[in-house]
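Enquirer: Handing you this structure, nothing more for now.
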Amino acid sequence: MLIGGWPLLAQDFKTYDETIPKTSVTFKMVAIPAGNFTIGSPFSEPGREEDEGPQKKVQVDAFWMGEHEVTFAEWDAFFRNMDVPQTKPIDVDAVSRPTAQYIDLTWGMGRDEKQPSNSMSQAAAIMYCKWLYKLTGTFYRLPTEAEWEYACRAGTTTAYPYGDDASALKTYAFNKDNSGNKFHKVAQLKPNKWGLYDMLGNLSEWTLDQYSADAYAKLADGSKDPLAAPGPRYPRVVRGGSYQTDAASCRCANRISSLTDWNKRDPQIPKSRWWLTDGMTIGFRIVRPLVSPSPEEIDKFYARYLK
Amino acid sequence: MKKDEVKTDRRTFVKQTTMLAGGLLAAPFLSNAGYMSSADDTIKIALIGCGGRGTGAAMQALLSKQNVKLVAMADAFEDRLTKCYNLLTSEDNEDGNVKARVNVPEANRFVGFDAYTKAMPLADVVILATPPGFRPIHFAEAVRQGKHIFMEKPVATDPAGVKKVLEAAEIAKQKKLNVVVGLQRHYQNSYRELYKRVQDGMIGEITSGQVWWNNDGVWVNPRQAGQTEMEYQMRNWYYFNWLCGDHINEQHIHNIDVMNWFKGAFPVKAQGMGGRQVRTGKEYGEIYDHHYVEFQYADGSIMNSQCRHIKGTYAKVDEQLVGTKGTMFAGDANLVSKGKVLYQFDKTKENDPYQTEHDELFAAIAKGQYKFADAERGARSTMTAILGRMATYSGQVVEFDKALNSGLNIMPTTYAWDANPPVMPDSNGFYPIATPGVTKYLM
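Protein sequences, first through last, are from chains A and B. With this note's numbering, you'll find the first sequence wraps up at 307, consecutive numbering, no jumps. With this note's numbering, you'll find the second sequence wraps up at 750, consecutive numbering, no jumps.
What follows is the structure, given as structure tokens:
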């Protein structure tokens, strides 16, 4: 991955704030150091599902991760940006923005600039990253499943980043028990040890990986930066619980596979490539790898997900 | 259900329809004759209107559990028809592979304004999904030909069209033709559960309602060189009243219809306000970008209806009905009284109502049952939305019965690519816009 890359010096690798150009919208990117961790959960973990194993050792390179889910302020800087063409199909070679929502896909939960943006497809989330890259020159993307779990655990091996007690989750994450069946403004509850908010609640978050139940069985122990390459549009991996998920399922290791059902109420065919009519619990956060690929690799990367 | 059972039921059905046909009509059921004598129990479908929604509806019909086949397609435009055909026969369609259920040879793909007359005779069931202005003509023809019908909402764009649908609906009832209208909230679990409880009196008598369809609006297809005015308007049907009826009719009908449904009545009059404040360009034709209407029912209760197509504004698509003992929040799917939740629908039990409406329609047809007569209700809710438009355009109080019986007809006299549509642009390309206080309806 060093080909054409520009490795940064260690002293440059720290948490930073970025302002979206031509706006006053800022977001914080938290420095996540390189390291090793064990992906998945042990048999003994209550609520464990079969796709969370077998556990494997994984190495993860350093990256930055958004301290919270992408908010409406950030999303709307893209979605409401009249300079970007609005297209029904996703423009693979350029930047385009989503079509108007046919109905209100916040479902009445609100659109405050601090609330997390929801109901977008994985491709729409990746187009947001591409738009941000073209604007800032900095490569942004979704996290891999491994990066997501590594960041969520923040060095811990328990079911939750603070331990194993499901009842304590309410101080860290909006889940079924404390959400009032709505999403909430980001960063209202306690962050994990690395300063990341709402990893396990509020909205579930898109990752880059194709979903397969036996993903870890296929993974070699000690793999570095694993990623299940994109195949069909469904199923892909979503991580973290949401305001609708019960605490027992909001565990670091839980894996969610995307479903065509998440667009079942789109009455048109072809169904929207941008929106999920029944994915109101889905959002995303962005990452930036410490070592950026070359511009050519970056373009190829986005195209693989947007085609 | 076992296949044999279906066949037995179907034979009974055949006998009944034959009797009905003989008793009520001089004209033979041409296609039903084919249907009855069909060697297998295939239910044949014709799709009239092959846009995004038509493609979706055809897909849902083909995904129903019955033995169905798409046998004919019709659209005004060849490119839309071909795109639809390609989507339905694609083998890697995420929504399901229905290729085996599509049998539409080129000879059965019809293009042009009269394409529907050629497609309908080939089928037992027709799906009507063109822009709504054509619906009365298509519905009346489908009923005349004795077809079961799925038709999208709204079902007309003017009072004359509503009248035509109401008249055909009567004949459809006599012929026992199943008619489902795509007001899909009637087929959605949460609404059905709420409806039962509201009927049982859980929130008392409904005394008022608020209904919303506020969002960003829809697409524009830029004018192409060489396009006739008729083709331009057909490609941008959303912005022309004869085709669309304005967004109060095309989208907001869903919410207006909910109040009508739960109330078990239709408004007797309406007054309101509206206009074009942001969406003022010529590419937006003649429709308004906002309407606010106060509908009044015979018992004095009021429905406040608001719809807006303005980008960047507060979006809300919902209904809230206030009763003497509590309030229904449709989006939250609950009934509430003084902060206490009387009933909460479990949202994990929600269905895909677009699929359900087809599942239930085709199951009834396969079993030979006559179960659905949605046309009259769909027509009266359409009339309610049109009434709202007449109220906002004129700035006057408009009465339901007077409007319905007015004979107001905004459709073209000639359907041809070189014919002038009923509204034409001025020399700068702008269309005449209704002005409250100036535009006259029924005065």
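Heads up, the beta-carbon is just placed ideally off N, CA and C, and yes, glycines get one too.
At which residue ranges does the stretch 12-84 of chain A contain complete beta strand (DSSP E) runs of 3 or more residues, listed in the order of the chain?
Expert: Runs found: 16-19, 26-32, 35-39, 56-60 and 63-66.
Enquirer: Rounding to the nearest angstrom, what Cα-Cα distance links Phe139(A) and Val375(B) in this structure?
Expert: Whole-angstrom Cα-Cα distance: 50 Å.
Enquirer: Do Arg442(B) and Val462(B) have their C-beta atoms within less than 8 Å of each other?
Expert: Yes, the pair counts as a contact, with Cβ atoms nearer than the cut-off.
Enquirer: Output yes if chain B places a C-beta closer than 8 Å to the C-beta of Gly180(A); else output no.
Expert: It does not; no Cβ of chain B falls within 8 Å.
Enquirer: Rounding to the nearest angstrom, what Cα-Cα distance links Leu394(B) and Asp51(A) in this structure?
Expert: Roughly 34 Å separates the two Cα atoms.
Enquirer: Hey, does Thr424(B) have any beta-carbon neighbour from chain A nearer than 8 Å?
Expert: Not an interface residue.
Enquirer: Give the residues of chain B in contact with Arg236(A), contact being defined as C-beta atoms less than 9 Å apart.
Expert: By Cβ distance, chain B contributes nothing, its closest Cβ being about 12 Å from Arg236(A), past 9 Å.
Enquirer: What is the residue span of the beta strand (DSSP E) that Gln269(B) lies within?
Expert: Lying outside 308 to 750, the shown extent of chain B, residue 269(B) is not represented and no answer is given.
Enquirer: Is it buried or exposed, Thr19(A), if we count other Cβ atoms within 10 angstroms and call 16 or more buried?
Expert: Flag for Thr19(A) reads exposed.
Enquirer: According to the Cβ coordinates, are Gly66(A) and Lys56(A) closer than 8 Å?
Expert: No, Cβ-Cβ distance for Gly66(A) and Lys56(A) is not below 8 Å.
Enquirer: Tell me the residue span of the beta strand (DSSP E) that contains Ala381(B).
Expert: From DSSP, the beta strand (DSSP E) with Ala381(B) extends over Val375 to Asp382.
Enquirer: Please classify Gln753(B) as buried or exposed, where buried requires at least 16 other C-beta atoms within 10 Å of its C-beta.
Expert: The displayed coordinates of chain B run from 308 to 750. Any statement about residue 753(B) would go beyond what the structure contains.
Enquirer: With distance defined between alpha-carbon atoms, name the residue in Lys632(B), Ala605(B) and Pro660(B) nearest to Asp708(B).
Expert: Taking only the C-alpha atoms, the option nearest Asp708(B) is Ala605(B).
Enquirer: Roughly how many angstroms lie between the CA atoms of Ser344(B) and Gln122(A), to the nearest whole one?
Expert: Its pLDDT being 36, under 50, Ser344(B) is placed unreliably in this model, and the value from its coordinates should be taken loosely. Computed Cα separation, rounded: 50 Å.
Enquirer: Can you pull out the residues from the stretch 616-630 of chain B whose beta carbon lies closer than 8 Å to at least one beta carbon of chain A?
Expert: Answer in chain order: Lys618, Gly619, Tyr621, Ala622, Lys623, Val624 and Asp625.
Enquirer: Measuring only between beta-carbons, confirm whether Pro318(A) sits less than 8 Å from chain B.
Expert: Since the first residue shown for chain A is 1 and the last is 307, residue 318(A) is missing from the structure and cannot be characterised.
Enquirer: Which of the three DSSP states, helix, strand or coil, is assigned to Phe336(B)?
Expert: Only weak support is given to the placement of Phe336(B): the predicted model assigns it a pLDDT of 39, under 50, and the question is left unresolved by the model.
Enquirer: Using DSSP with H/G/I as helix, E/B as strand and the rest coil, what is Lys576(B)?
Expert: The answer is strand: DSSP assigns Lys576(B) an E or B state.
Enquirer: Put Lys570(B) into one of helix, strand or coil per three-state DSSP.
Expert: Lys570(B) falls in the helix class under three-state DSSP.
Enquirer: So, for Ala100(A): in the same chain, excluding its five sequence neighbours on each side, which residues have a beta-carbon less than 8 Å away from its beta-carbon?
Expert: Contacts found: Gln86.
Enquirer: Keeping to the same chain, check which residues put their C-beta closer than 8 Å to that of Asp61(A); ignore five residues upstream and five downstream.
Expert: If we look at Asp61(A) and ignore the five residues flanking it on each side, its Cβ neighbours are Met1, Ala34, Lys224, Asp225, Pro289, Leu290 and Val291.
Enquirer: Give the residues from the stretch 244-273 of chain A that approach chain B closer than 9 Å (Cβ to any Cβ), ordered along the chain.
Expert: The residues in question are Gln244, Thr260, Asp261, Asn263, Lys264, Arg265, Asp266, Pro267, Gln268, Ile269, Pro270 and Lys271.
Enquirer: Using the Cα positions of Cys551(B) and Ser734(B), report the straight-line distance between them to the nearest angstrom.
Expert: Distance between the alpha carbons of Cys551(B) and Ser734(B) is about 24 Å.
Enquirer: Can the beta-carbon of Gly356(B) be found closer than 8 Å to that of Asp382(B)?
Expert: Cβ atoms of Gly356(B) and Asp382(B): closer than 8 Å.
Enquirer: Between Arg239(A) and chain B, is any beta-carbon pair separated by less than 8 Å?
Expert: Arg239(A) does not count as touching chain B.
Enquirer: Whole-angstrom Cβ separation of Asp553(B) and Tyr591(B), contact assumed at under 8 Å?
Expert: Wrong, their Cβ atoms sit about 11 Å apart, outside the cutoff.
Enquirer: Using beta carbons (cut-off 8 Å, strictly below), is Asp104(A) in contact with chain B?
Expert: Yes, Asp104(A) lies at the interface with chain B (some Cβ there is under 8 Å from its Cβ).
Enquirer: Would you please verify whether the beta carbon of Ala123(A) is less than 8 Å from any beta carbon of chain B?
Expert: No, because no Cβ of chain B sits closer than 8 Å to the Cβ of Ala123(A).
Enquirer: Quick one: does the C-beta of Leu484(B) sit closer than 7 Å to a heavy atom of the ligand ZN?
Expert: This structure simply doesn't include the ligand ZN, nor any ligand for that matter.
Enquirer: Determine, using beta carbons only, whether Val643(B) and Phe636(B) come nearer to each other than 8 Å.
Expert: Result yes, Cβ atoms of Val643(B) and Phe636(B) sit closer than 8 Å.
Enquirer: Quick check on DSSP: helix, strand or coil for Lys300(A)?
Expert: Of the three classes helix, strand and coil, the one that applies to Lys300(A) here is helix, per DSSP.
Enquirer: Distance check for Ala426(B) and Ile478(B), CA to CA, integer angstroms please.
Expert: Distance between the alpha carbons of Ile478(B) and Ala426(B): 21 Å.
Enquirer: Here's the rule: buried if 16 or more other CB atoms are within 10 angstroms of the residue's CB, otherwise exposed. What is Arg255(A)?
Expert: Classification of Arg255(A): buried, given that the 10 Å Cβ count is 16 or more.
Enquirer: Would you identify the three-state DSSP class for Gln101(A), choosing helix, strand or coil?
Expert: Note: Gln101(A) maps to coil in three-state DSSP.
Enquirer: Which residues, taken in chain order from the stretch 140-174 of chain A, show a beta carbon closer than 7 Å to some beta carbon of chain B?
Expert: Taking 7 Å as the Cβ-Cβ cut-off against chain B, none of the residues of the stretch 140-174 of chain A qualify.
Enquirer: How about Trp275(A): is its C-beta nearer than 8 Å to some C-beta of chain B?
Expert: No, because no Cβ of chain B sits closer than 8 Å to the Cβ of Trp275(A).
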